[in-house]
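First comes the structure, then the notes that go with it.
In the working numbering, the protein residues as written are 3 to 481.
And the structure:
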């Protein structure tokens with residue numbers, strides 16, 4: 003099997019191949035590293051690669067598989083991590099020039115620790131905007147991250163490096179973080195899969211300065227891989243006092259049970275958004291697939307208002323505390339957009355403002371809880387627009403540069419802490435991916451994944467391969 007074919011297999015397919023002896027973790031890791039060498043240049047998704055450590059881990063995994071004693075289905079899977087997650091022995095720079103690259107780097111985050119324990123082959127770190135603050139991935143420290151389908155477009159953010167890496171075969175999965183859409187935005191823009199689980203389902207350490215808005219989540223090319231990775235990431239870690247009880251059932255169990263009989267609401271705009279017509283057409287067609295699979299689907303708005311002002315208070319007061327740690331001159335050294343947002347929305351917020359924002363959040367949670375008494379799931383576009391040019395904070399001619407102005411369907415579900423899954427569901431006429439968002443009530447992560455699996459069983463959007471993976475052969479004239 004060629005490196006290209008091996009690099010584009012899912013984690014599930016890799017584990018099956020290891021078990022059957024068709025290829026080894028060493029070969030899969032070599033394929034992932036080759037993908038980095040061949041495809042990272044145009045997109046700038048990987049900021050750090052430890053080839054020596056990766057191959058050493060892959061050799062150990064190969065021995066375990068050969069002896070019939072793998073540590074689990076993640077054993078030997080090449081894996082990169084977003085550079086907000088602590089990784090022992092590797093720098094975690096959070097894309098900020100405020101952070102020295104001297105360490106010490108002696109702690110693993112819970113996600114990193116679980117992956118090591120499961121035998122995953124950790125090979126590098128992926129890009130993020132500074133402190134993960136916005137919906138595109140660019141920074142003073144590491145530059146901008148482009149899209150697998152067109153490097154001239156943004157990959158989204160803040161987990162854009164992980165989405166681009168996964169989309170291009172630099173490992174079949176990654177772990178990102180999501181405080182307002184940061185795994186789902188890039189998944190929609192890059193044609194990949196990402197789940198923001200119920201808050202607390204995946205332990206986090208150290209605690210996020212963005213508080214209970216911030217989640218960790220799997221980023222993959224298939225729903226089945228997301229379920230598989232959830233089984234690992236949801237294992238307990240005593241350092242997170244917010245963490246929920248570890249699930250007693252695998253997320254893979256029941257994944258293929260379908261959607262027949264489910265009550266599913268489709269809200270194209272949540273009652274306040276506006277969509278690109280091609281995005282809305284693709285999402286509407288995706289909703290019809292689930293209806294044809296047996297779900298009872300109706301177009302219904304949940305009856306909520308845009309909570310963006312409250313979200314700004316909660317988000318940017320957290321960002322202000324992050325930057326405050328680095329001294330009185332730190333605002334002059336960070337991403338100018340972040341500095342401006344902190345000044346406008348963070349520094350001037352009072353305790354009363356924060357409590358008012360929290361009250362808006364609580365009311366939103368109550369309303370969505372009541373909505374899900376009638377509806378099992380809610381479908382929306384993940385994003386109202388497709389990807390726009392790389393290096394820009396917003397599309398050309400957009401009325402605001404602030405990322406929340408073009409992500410109206412993601413941050414509300416960080417505020418309510420509901421599980422939300424983004425799936426690829428089509429392309430615009432010029433080849434830009436479109437994402438479908440599946441939202442469930444809190445603790446219904448397995449149901450959300452089940453609906454996503456039902457969709458992927460009936461479509462092949464997640465199997466589409468970016469041109470960077472299989473570049474067209476030159477014509478005789480070009481050669």
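Just so you know, even glycine gets a beta-carbon here, dropped at the ideal spot from N, CA and C.
This one's a predicted model, so the numbers in the text were calculated from it and none came from an experiment.
(request) Take every Cβ of the region 64-79, pair it with every Cβ of the region 126-137, and state whether three or more of those distances are shorter than 8 Å. (result) No, they do not touch.
(message) If distances are taken between C-alpha atoms only, which option among 320, 419, 325 and 440 comes closest to residue 378?
(response) As a first step, residue 378 is located in the chain shown; it is residue number 376 there, counting from the start. For the residues 320, 419, 325 and 440, the minimum Cα distance to residue 378 belongs to 440.
(request) For residue 327, count neighbouring C-beta atoms within 10 Å of its own C-beta (all shown protein chains included) and say buried if the count is 16 or more, exposed if not. (result) Counting from one through the chain shown, the residue named residue 327 turns up at place 325. With fewer than 16 other Cβ atoms within 10 Å, it is exposed.
(message) Please classify residue 399 as buried or exposed, where buried requires at least 16 neighbouring CB atoms within 10 angstroms.
(response) Stepping through the chain shown from its first residue, residue 399 is reached at position 397. Label assigned to residue 399: exposed.
(message) For a minimum of 3 consecutive residues, which ranges assigned as the beta strand (DSSP E) are wholly contained in the region 421-463?
(response) 422-429 and 435-441
(message) Assuming the contact rule is C-beta atoms closer than 8 Å, residue 411 and residue 384 should be a hit. Round their C-beta distance to whole Å, please.
(response) Against the chain shown, residue 411 aligns to sequence position 409. Against the chain shown, residue 384 aligns to sequence position 382. The Cβ separation is near 7 Å, so the contact holds.
(message) For residue 456, which residues in the same chain have their Cβ closer than 7 Å to its Cβ, ignoring the five residues on either side in sequence?
(response) The residue you call residue 456 lines up with position 454 of the chain shown. Excluding sequence neighbours, residue 456 sits near 260, 261, 292 and 295.
(message) Which residue wins for smallest C-alpha separation from residue 71, given the options 17, 178 and 454?
(response) The residue labelled residue 71 in the question sits at position 69 within the chain shown. The shortest Cα separation from residue 71 among 17, 178 and 454 belongs to 17.
(request) Give the secondary structure of residue 87 by DSSP, where H, G and I count as helix, E and B as strand, and everything else as coil. (result) Sequence index remark: in the chain shown, residue 87 carries index 85 (1-based). Coil, per DSSP.
(request) Apply the 10 Å Cβ neighbour rule to residue 224 and answer buried if 16 or more other Cβ atoms are within range, or exposed otherwise. (result) For the purposes of this step, residue 224 is identified with residue 222 of the chain shown, where counting begins at 1. It counts as buried.
(request) Have a look at 43, 194, 180 and 35 and flag the residue whose alpha-carbon is nearest the alpha-carbon of residue 218. (result) Walking along the chain shown from the start, residue 218 turns up at place 216. It is 180 whose Cα lies nearest to the Cα of residue 218.
(message) Suppose contacts are defined by Cβ-Cβ distances below 8 Å. Is residue 464 in contact with residue 195 by that definition?
(response) Residue 464 sits at position 462 when you count from the first residue of the chain shown. Residue 195 sits at position 193 when you count from the first residue of the chain shown. Yes, the Cβ-Cβ distance between residue 464 and residue 195 is below 8 Å.
(request) Give the C-beta separation of residue 433 and residue 426 to the nearest angstrom, bearing in mind that I take them to be a contact with Cβ-Cβ under 8 Å. (result) Counted from its first residue, the chain shown places residue 433 at position 431. Counted from its first residue, the chain shown places residue 426 at position 424. That belief does not hold up - the Cβ atoms of residue 433 and residue 426 are roughly 13 Å apart, past 8 Å.
(request) Return the CA-CA distance between residue 245 and residue 84, expressed in angstroms with no decimal places. (result) Residue 245 sits at position 243 when you count from the first residue of the chain shown. Residue 84 sits at position 82 when you count from the first residue of the chain shown. Taking the straight line from one Cα to the other gives about 20 Å.
(request) Could you tell me which residues DSSP puts in a beta bridge with residue 67? (result) In the chain shown, residue 67 corresponds to position 65, counting from 1. None; residue 67 has no bridge partner.
(request) Count the other CB atoms, across all protein chains shown, that sit within 10 Å of the CB of residue 32; report buried if there are 16 or more and exposed otherwise. (result) To locate residue 32, count along the chain shown from 1; it is residue 30. With 16 or more other Cβ atoms within 10 Å, it is buried.
(request) Could you tell me which residues DSSP puts in a beta bridge with residue 299? (result) The residue you call residue 299 lines up with position 297 of the chain shown. Answer by DSSP bridge pairing, in chain order: 266.
(message) Suppose you measure from the CA of residue 388 to the CA of residue 408; what does that come to, to the nearest Å?
(response) The sequence position of residue 388 within the chain shown is 386, counting from 1. The sequence position of residue 408 within the chain shown is 406, counting from 1. Looking at the two C-alpha atoms, the distance is approximately 10 Å.
(message) In the DSSP output, which residue or residues are listed as bridge partners for residue 146?
(response) What you label residue 146 is simply residue 144 of the chain shown in a count that begins at 1. In the DSSP output, where bridge partners are listed per residue, residue 146 has 140.
(request) Reducing DSSP to helix, strand and coil, say where residue 385 ends up. (result) Within the chain shown, the letter at position 383 stands for residue 385. Residue 385: coil per DSSP, three-state reduction.
(request) With DSSP as the reference, label residue 261 as helix, strand or coil. (result) To locate residue 261, count along the chain shown from 1; it is residue 259. The answer is coil: DSSP assigns residue 261 none of H, G, I, E or B.
(request) Would you mind giving the Cβ-Cβ distance between residue 121 and residue 77, rounded to the nearest angstrom? I have them listed as a contact below 8 Å. (result) Position 119 of the chain shown, counting from 1, holds the residue named residue 121. Position 75 of the chain shown, counting from 1, holds the residue named residue 77. Rounded, the Cβ-Cβ distance is 3 Å, consistent with contact.
(message) According to DSSP, simplified to helix, strand and coil, what is residue 21?
(response) Position 19 of the chain shown, counted from the start, is the residue given in the question as residue 21. Note: residue 21 maps to helix in three-state DSSP.
(message) Between the alpha carbons of residue 363 and residue 314, how many angstroms are there, rounded?
(response) Your numbering for residue 363 matches position 361 in the chain shown. Your numbering for residue 314 matches position 312 in the chain shown. Each residue's alpha carbon lies about 12 Å from the other.
(request) Could you name the residues of the same chain whose beta carbon sits closer than 6 Å to that of residue 318, not counting the 5 residues immediately before and after it, in chain order? (result) Taking the first residue of the chain shown as position 1, residue 318 is located at position 316. Answer for residue 318: 343, 344, 347 and 348, listed in chain order.
(request) With a 10 Å radius around its C-beta and 16 neighbouring C-beta atoms as the bar for buried, classify residue 368 as buried or exposed. (result) In the chain shown, the residue the question calls residue 368 occupies position 366. It counts as exposed.
(message) Check whether the region 199-207 and the region 231-241 touch, using three or more Cβ-Cβ pairs below 8 Å as the test.
(response) Two segments are said to touch when three or more pairs of C-beta atoms, one from each, lie closer than 8 Å; by this definition the region 199-207 touches the region 231-241.
(request) Would you mind reading off the limits of the alpha helix (DSSP H) that contains residue 317? (result) Along the chain shown, one-based indexing puts residue 317 at 315. Membership of residue 317 in the alpha helix (DSSP H) is indicated by the continuous run 310-326.
(request) For residue 113, count neighbouring C-beta atoms within 10 Å of its own C-beta (all shown protein chains included) and say buried if the count is 16 or more, exposed if not. (result) To locate residue 113, count along the chain shown from 1; it is residue 111. Classification of residue 113: buried, given that the 10 Å Cβ count is 16 or more.
(message) Which residues does DSSP list as the beta-bridge partners of residue 27?
(response) Your numbering for residue 27 matches position 25 in the chain shown. DSSP output for residue 27 lists no bridge partner at all.
(message) Can you check which of these residues, 256, 302 and 284, is closest to residue 266 by C-alpha distance?
(response) Here residue 266 refers to the residue found at position 264 of the chain shown. When each option's Cα is compared against that of residue 266, the closest is 302.
(request) Since I believe residue 145 is in contact with residue 46 (beta carbons under 8 Å), could you give me their beta-carbon distance rounded to a whole number of angstroms? (result) Translated into positions along the chain shown, residue 46 becomes position 44. Translated into positions along the chain shown, residue 145 becomes position 143. With 8 Å as the limit, residue 46 and residue 145 qualify as a contact, their Cβ atoms being about 6 Å apart.
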